[in-house]
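Colleague: Quick note: the sequence shown uses the numbering used here, first residue -6, plus one each step. Even glycine gets a Cβ: it sits at the ideal position worked out from N, Cα and C. Predicted model, so just to flag it, every value in this text is computed and none were measured.
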Amino acid sequence: MGFLQQATDTAGQILRLFDEDRRRVEGLGRKAGSAQRLLDRLRRHPITTIATAAGQLDLTAPTVRSAVQSLEDLGIVREITGKQRDRIYLYDQYVRILDQGAEPLPG
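1) First and last residue of the beta strand (DSSP E) that includes R71?
2) Could you please give the first and the last residue of the uninterrupted beta strand (DSSP E) stretch that includes L83?
3) Taking all protein chains shown into account, decide if D14 is buried (16 or more other Cβ within 10 angstroms of its Cβ) or exposed.
4) Report the three-state DSSP secondary structure of T41 (helix, strand or coil).
5) Suppose only complete runs of 4+ residues qualify. What are the alpha helix (DSSP H) ranges in the segment 12 to 39, listed by chain order?
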């Protein structure tokens, strides 16, 4: 597959993922607002912590923690450290799409 075709396919996959995840978050009811704000941030920064997201979104840590939990429950984000403190969260499927075909060039 050529580079341009791969880039077009990747962009299409990302747009479909964003649309699907947006619709899933809309179904959260009253939790949807903060979860959507977090999801919008994860589109630009797909790896985050509670503290970083809270500071950048001007939300409290408990509000962001609740939003992260909602996104985890939906399978949108995944905690990647396995620790109880200082956890790091990943917009899992988005990063997987970006990683497709990202093997180093020979040589």
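Modeller: Concretely, from the data shown:
1) Its beta strand (DSSP E) spans residues 70 to 72.
2) 82 to 84 is the span of the beta strand (DSSP E), which, as asked, contains L83.
3) With 16 or more other Cβ atoms within 10 Å, it is buried.
4) For T41, the secondary structure class from DSSP, reduced to helix, strand or coil, is strand.
5) Within the segment 12 to 39, the complete alpha helix (DSSP H) runs of at least 4 residues are 25 to 37.
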